[in-house]
Amino acid sequence: MTAASPEPAGAAPRGAEGPGVRTVAAEVAMVGAGAVGLSIGIALATAGITVVLVGTVDARPNGRTVALLEGSVQFLARLGVWRQLRDLAEPLQVMRLVDDTGSLFRGPPVAFDAREIGRDCFGYNIQNHLLVAGLAEAARAVPGLTLLPGRLERFAFGPDRVAAEGPDGLSVSGTVLVAADGRRSAARRAAGIGVREVPYPQEALTATLHHDRPHRNVSTEFHTRQGPFTLVPLPGSAEAEHRSSLVWGMAPEAAERRAALPPERLARDIERQSRMLLGRIRVVGPVGRFPIASLKADRLVGPRIAVAGEAAHAMAPIGAQGLNLSLRDAAALSEVLADARRGGEDLGAPAVLDRYARTRQGDIAARSFGVDWLNRAILDDRLPTDLLRGAGLLAMSSIGPLRRLAMRQGLMPGADADAAATR
């Protein structure tokens, strides 16, 4: 493959077509049309950078939701999409942790209340497919952003540009490639960026629940010996006044068995595990199932490439960290590239991409370590680990300043920054 000729800064994406071939050149080429890729594309195009983004937008209901914490909400507000998404999301005012491991030294339940730190809520829970659909609609309306369905398989990293081709004759190029194509990123692999992946003896089930009792905007995370069991509020609908989402980590054989249950039988299992917290439950729509693993890329950048989102890191579903960490990648990379563009720099230059890597390395390392340690601690029934975990929960429950610090720095990174208008 040969990279396309240089693209003038600020020019609209340009294309050439022949029999079975379509070529599109832009300043930034991207792969991956999930929430992270779409948000980066919108942010860059809004800053006047031409973008071609290749990926399949999957906005089908899958039983999964995301709790968008304050920083993510602010980022989506800056992109101009939060106003449309807000009515589809439910505020998270209280986040409860419950040690349900059965340990003799389990700590007391801990409730993190946003009002303790002067906030109305920590963030908002929204169904994944609605978030992706909203971002895709916004992306299609942004001048300078070309959104193309398909996938890219072959990549060529040249001294000045990077080019990529798909199996259907599609070819794209840019001064830099942004890889937001998930855990099995073909772009990351082509760039020679390795990963450290650790599978856990767990899988997760996800589902949407209708229930009798109100959730009162309280998210509850039970820590069991097989993994987290989390109930997160959703807004009511025409079908049900009270709704929540479920993420339930468990041993793979238990996940296989429960995923095959009729919805009524699965609902009874959920009621027992939740101690009837939400009353009678009905499982509605598809039940998702996925393996739980941690993943961390060896590097965030390489020659003319930057990786973001789950192409860079993945973790267990604990503490609403996953997509929020990924959206912080999106915000940081967009800001770095926009600043470089304003300064007349080459967007794919090592000095530019290194700024993104330096900005993100510490946050990714800290969140990855913390979630990995907590997930392993839940699964570990040895006495020293139980004592340490129980002592931590006791300290956060009884020491107000420590609890508030955890809320500001652990659950809401950057919460002390001025809040954007998000309502």
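Residue numbers (our numbering): 292 to 714. Glycine included, each C-beta is placed from N, C-alpha and C at the ideal position.
- A distance of 8 Å or more separates the beta carbons of Arg-479 and Val-372.
- When DSSP states are grouped into helix, strand and coil, Ala-324 belongs to the coil group.
- By the C-beta density criterion, Ser-464 is buried, having at least 16 other C-beta atoms within 10 angstroms.
- DSSP places Asn-416 in the uninterrupted beta strand (DSSP E) bounded by 414 to 418.
- In this structure Pro-519 is buried. Its beta-carbon is surrounded by 16 or more other beta-carbon atoms within 10 angstroms.
- In the DSSP assignment, Val-467 falls within the unbroken beta strand (DSSP E) covering 467 to 470.
- With a cut-off of 8 Å on Cβ pairs, the segment 513 to 531 is not in contact with the segment 639 to 656, counting fewer than three such pairs.
- By a beta-carbon distance limit of 8 Å, Pro-434 does not contact Gly-576. Their separation comes to about 36 Å.
- Taking Arg-431 as the centre and dropping the five residues before and after it, the same chain places the C-beta of Leu-438 closer than 8 Å to its C-beta, in chain order.
- Where Asp-645 is concerned, the enclosing alpha helix (DSSP H) starts and stops at 641 to 670.
- Taking one beta carbon from each stretch, the segment 481 to 501 and the segment 573 to 591 have 3 or more pairs nearer than 8 Å; the two touch.
- For Arg-646, the number of other beta carbons within 10 angstroms of its own is at least 16, and it is reported as buried.
- Here DSSP, grouped into helix, strand and coil, assigns Ile-340 to coil.
- In the same chain as Asp-663, and ignoring 5 residues on each side of it, the C-beta atoms closer than 8 Å to its own belong to Val-489, Ser-585, Met-606 and Ala-607, in chain order.
- By the neighbour-count definition (other C-beta atoms within 10 Å, threshold 16), Glu-601 is a buried residue.
- Taking 8 Å as the cut-off, the beta carbon of Ile-596 is found no closer than this to the beta carbon of Leu-388.
- The Cβ-Cβ distance between Ala-326 and Leu-422 falls below 8 Å.
- Within its own chain, the residues whose Cβ lies closer than 6 Å to the Cβ of Leu-569, once the five positions on either side in sequence are excluded, are His-502 and Arg-504, listed in chain order.
- Collapsing the DSSP output to three states places Gly-600 in a helix.
- Pro-450 counts as exposed, since fewer than 16 other C-beta atoms from the protein chains shown sit within 10 angstroms of its C-beta.
- The beta carbon of Arg-355 sits closer than 7 Å to the beta carbons of Asn-419, Thr-497 and Gly-579 from its chain, once the five residues preceding and following it are set aside; these are given in chain order.
- As for any beta strand (DSSP E) of minimum length 3 sitting wholly inside the segment 459 to 531, the runs are 461 to 465, 467 to 470, 486 to 502, 509 to 515 and 518 to 525, ordered along the chain.
- Assignment of Ser-617 by DSSP, reduced to helix, strand and coil, places it in the helix class.
- For Gln-493, the number of other beta carbons within 10 angstroms of its own is at least 16, and it is reported as buried.
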